[in-house]
Amino acid sequence: MTADTEPDRLAAAALPPLDAAEAGKLRRARIDRIARWALPAVVMIATIAGWQWYVDAYQVPHYILPGPDRVVAALLQDWPTLWPALLVTLQITLGALVIATIGGVGLAVLFAQSKWVEMSFFPYAVILQVTPVIVIAPLIFIYVPSKIVGLLICAWIVAFFPILSNTTLGLNSADHNLRNLFQLYGASRWQTLWHLRLPSALPYFLGGLKIAGGLSLIGAIVAEFVAGTGGLGSGLAFKILEASYRLNIPRMFAAIVLISLTGIVIFASLSILSHLMLRRWHESAIKRDG
Amino acid sequence: MTLASSPLAGEAAGTVVSLQNVSKTFSNATVALKDMSLSIRQGEFVSLLGPSGCGKSTALRIVAGLSSPSAGRLVWPGERPGQKDHDISFVFQEPTLMPWATVFANVHLPLKLKGESARVARDRVMEALEMVGLEGFAESYPRELSGGMKMRVSIARALVTKPKLLLMDEPFAALDEITRFRLNNDLLRLWEEFGWTVVFVTHSVFESVYLSNRIVIMAARPGRVVADLDVDAPYPRGEEFRTSHLYSDHCRRASDALQAAMAGEAPDA
Chain A
1 MTADTEPDRL AAAALPPLDA AEAGKLRRAR IDRIARWALP AVVMIATIAG
51 WQWYVDAYQV PHYILPGPDR VVAALLQDWP TLWPALLVTL QITLGALVIA
101 TIGGVGLAVL FAQSKWVEMS FFPYAVILQV TPVIVIAPLI FIYVPSKIVG
151 LLICAWIVAF FPILSNTTLG LNSADHNLRN LFQLYGASRW QTLWHLRLPS
201 ALPYFLGGLK IAGGLSLIGA IVAEFVAGTG GLGSGLAFKI LEASYRLNIP
251 RMFAAIVLIS LTGIVIFASL SILSHLMLRR WHESAIKRDG
Chain B
291 MTLASSPLAG EAAGTVVSLQ NVSKTFSNAT VALKDMSLSI RQGEFVSLLG
341 PSGCGKSTAL RIVAGLSSPS AGRLVWPGER PGQKDHDISF VFQEPTLMPW
391 ATVFANVHLP LKLKGESARV ARDRVMEALE MVGLEGFAES YPRELSGGMK
441 MRVSIARALV TKPKLLLMDE PFAALDEITR FRLNNDLLRL WEEFGWTVVF
491 VTHSVFESVY LSNRIVIMAA RPGRVVADLD VDAPYPRGEE FRTSHLYSDH
541 CRRASDALQA AMAGEAPDA
């Protein structure tokens, strides 16, 4: 029996020459690859240069708008205070992301096991999501004695919903015929969940996780603003508050830069994780011709 | 009924399963099947042939246990009462593979669900892949395969449990004709070699005549059996059978029966 495939198509040793259209396609693809990182880099350099020029040319006072040079100087000079604060914020963010993942996936699996449970509780998950965390946070800090726990709860509230709703959608979107097949072979509820519904939900879950990563950072920062207490174990948000009281604008900018970089790193890591987990089989991770 | 040169020729062919006055009414008041009786005998290759809406897929799903009859019953003579596990396999119109799993893991699935680890089941999985000519693709993912190869994987998965009854729901309808002919021939070769019982749902007169030794013709509204024809042509059947007079005679008989069944119906297409 001959297998009906064509993997040897590209292995043909002597390729006939490309026509103009195909050659152009190849050239454009090459240019695109370079432009993808070169263009944003050019925009960033131009923005920083323009900013520096504006501050110098109009002699803007540094307590109103510091130039990029002063921001970089503040970043280096204040590193001993900013670094520990970054670690605190990072701890809260990652802690919240972990419990949002466990909580979101756990609830989604629970919902998937019983339509009744889903019908009963899903609306409350939505209510929790649409109520701005900044108005719930003060209450949480009244009822929860530990500041760390309060911060984690706030960040969790913001971050868990995209994971819950995406994973619920994913668990319910397992292929209908595959479900029939599992039924036909007498699969238990647990086997169906583990071998069919969870793998089907994986791309949806990873999409939710990418959103939740950014949201848990936002949740952590917002909660720190509300908690507002200084001293040992205060995060980047408190450093921003503190610097604004002292009109230390360069330090505010430095802290903002750190927060943005953290967000970028989180997003990039989760994107890489997602790509690694899906690259063998999912459409989203597969490159195609044409 | 004649089983020409099938492996079971000469044996007293027992009944594998029979539908007795089976009806199916859906909750939206559609009568998918009305009073259908049909016995599937061991070693037969039976095609259920009919227009869309005639209940042929519903009948197949009832035999598979994926749907329950509203009235009538399903009898499995060779099995003890109350037995849930009927030792059957199902091939859908789509390949219905798990995209996240390799070809090996997809074919291993029915055995895994019965608790057999990949190590224990390895030989049987490879044997099933060999039957469909895909032994070299065990570690490939479904997306790397053509439509015809995916269907082969689907068939290998159905064969890996060595089922007593193989149910196929228009398995080749989505494939191009050349691939379909090739899979037809491979399926027939395997059927002759292993002698399973096959129930094959199709809407193609030509395919049903080429493959089966018995054609059950069904009509729609309500879904029912209108004719039961034997295809009295010897196996093995090859490409020369497709061009023979015997083949065209049988096609005409089946076609006429189908036309007669559909006469008087309002055209719906």
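Which chain is which? The protein sequence lines are A and B, in order.
Following the numbering used here, the numbering of the first sequence begins with 1 at its first residue and continues without gaps.
Following the numbering used here, the numbering of the second sequence begins with 291 at its first residue and continues without gaps.
Here a beta-carbon is modelled for each residue, glycine too, at the ideal position from N, C-alpha and C.
Please list the terminal residues of the continuous beta strand (DSSP E) segment that includes D476 of chain B. Unbroken run through D476 of chain B is the alpha helix (DSSP H), 467–484; no beta strand (DSSP E).
With a threshold of 9 Å between beta carbons, is N166 of chain A in contact with chain B? no
Are the Cβ atoms of I218 of chain A and L236 of chain A separated by less than 9 Å? no
Looking only at its own chain, which residues have a Cβ that is under 7 Å from the Cβ of L76 of chain A, when we skip the five neighbours before and after it? none
Where N318 of chain B falls: helix, strand or coil (DSSP): DSSP places N318 of chain B outside both helix and strand once states are collapsed to three, so it counts as coil.
Per DSSP, M252 of chain A forms a beta bridge with which residues? M252 of chain A is not bridged to any residue.
Would you mind reading off the limits of the alpha helix (DSSP H) that contains I92 of chain A? 79–113
Answer with buried or exposed for N318 of chain B, where buried requires no fewer than 16 other C-beta atoms within 10 angstroms of its C-beta. exposed
CB contact check: F267 of chain A to chain B, cutoff 9 Å: no
Please report the distance separating the alpha-carbon of I142 of chain A from that of I64 of chain A. Roughly 36 Å between the two C-alpha positions.
Which of helix, strand or coil does DSSP assign to A174 of chain A? coil
How big is the Cα-Cα spacing for A201 of chain A and S173 of chain A? 7 Å
Counting only runs that start and end within the segment 312–398 of chain B, where is the beta strand (DSSP E) found for 3 or more residues in a row? 321–331, 335–339, 361–365, 378–381
Environment of M44 of chain A [buried if 16+ CB atoms lie within 10 Å]: exposed
Bridge-paired residues (DSSP) for D518 of chain B: B:V506
Proximity winner among B:I505, B:N474, B:A395, B:V495, relative to S430 of chain B (alpha-carbon distances): B:A395
Going by C-alpha distance, which of A:G207, A:A254, A:N248 is nearest M277 of chain A? The shortest C-alpha separation from M277 of chain A is found at A:G207.
Inter-residue CB distance, P162 of chain A and I211 of chain A (contact presumed, cutoff 8 Å): Yes, P162 of chain A and I211 of chain A are in contact; Cβ-Cβ is about 4 Å, under 8 Å.
Reduced DSSP category for F490 of chain B - H, G, I as helix; E, B as strand; rest coil: strand
Report all residues from its chain with a CB closer than 8 Å to the CB of Q383 of chain B; omit the five preceding and five following residues, and keep chain order. D459, E460, P461, A463, A464
For S308 of chain B, write down the residues that DSSP places opposite it in a beta bridge. B:S329, B:V365
Which residues of chain B have a Cβ atom closer than 8 Å to the Cβ of R280 of chain A, listed in chain order? W390, Y431
Interfacial residues, the segment 165–192 of chain A to chain B, with Cβ spacing under 8 Å: Those residues of the segment 165–192 of chain A that come within reach of chain B (Cβ to Cβ, closer than 8 Å) are D175, N177, L178, N180, L181, F182, Q183, L184, Y185, G186, A187, Q191.
Same chain, Cβ closer than 6 Å to L350 of chain B, five either side skipped, listed in chain order: L457, D459, V491
Shorter than 9 Å from the beta carbon of L196 of chain A to some beta carbon of chain B? Under the Cβ criterion of 9 Å, L196 of chain A is counted among the residues facing chain B.
I'd like to know whether the C-beta atoms of V381 of chain B and L435 of chain B end up nearer to each other than 9 Å. no
Let me check understanding here. Comparing Cα to Cα, which of B:C344, B:T315, B:G304 lies closest to V288 of chain B? The question about residue 288 of chain B has no answer here: the residues shown for chain B are numbered 291 through 559.
Given a cut-off of 9 Å, decide if T89 of chain A and I266 of chain A are closer than it, judged by their beta-carbon atoms. no
Less than 9 Å between the beta carbons of L403 of chain B and Y185 of chain A, yes or no? yes
Residues of its chain near L128 of chain A, where Cβ-Cβ distance is below 8 Å and the 5 sequence neighbours each way are ignored: If the five residues before and after L128 of chain A are omitted, its C-beta is found closer than 8 Å to the C-beta atoms of I157, F161, all from its own chain and listed in chain order.
Against chain A, does A428 of chain B count as a neighbour if the rule is that its beta carbon must be under 9 Å from one of theirs? no
Is there a C-beta anywhere in chain A that falls below 9 Å from the one on S380 of chain B? Residue identity check: residue 380 of chain B is Phe in the sequence provided, not Ser. Closer than 9 Å to some Cβ of chain A, the Cβ of F380 of chain B qualifies, so yes.
DSSP-derived helix/strand/coil call for L15 of chain A: coil
Starting from the C-beta of N503 of chain B, find all residues in its chain whose C-beta is less than 6 Å away, skip the five residues before and the five after it, and write them out in chain order. F335, V521
Kindly list, in the order they appear in chain B, the residues whose Cβ is closer than 8 Å to that of P138 of chain A. Chain B residues near P138 of chain A: none, gap ~45 Å exceeds 8 Å.
Could you spell out the range, first to last residue, of the beta strand (DSSP E) harbouring L193 of chain A? Taken as a continuous stretch (DSSP letters only), L193 of chain A belongs to no beta strand (DSSP E), as it is neither H nor E.
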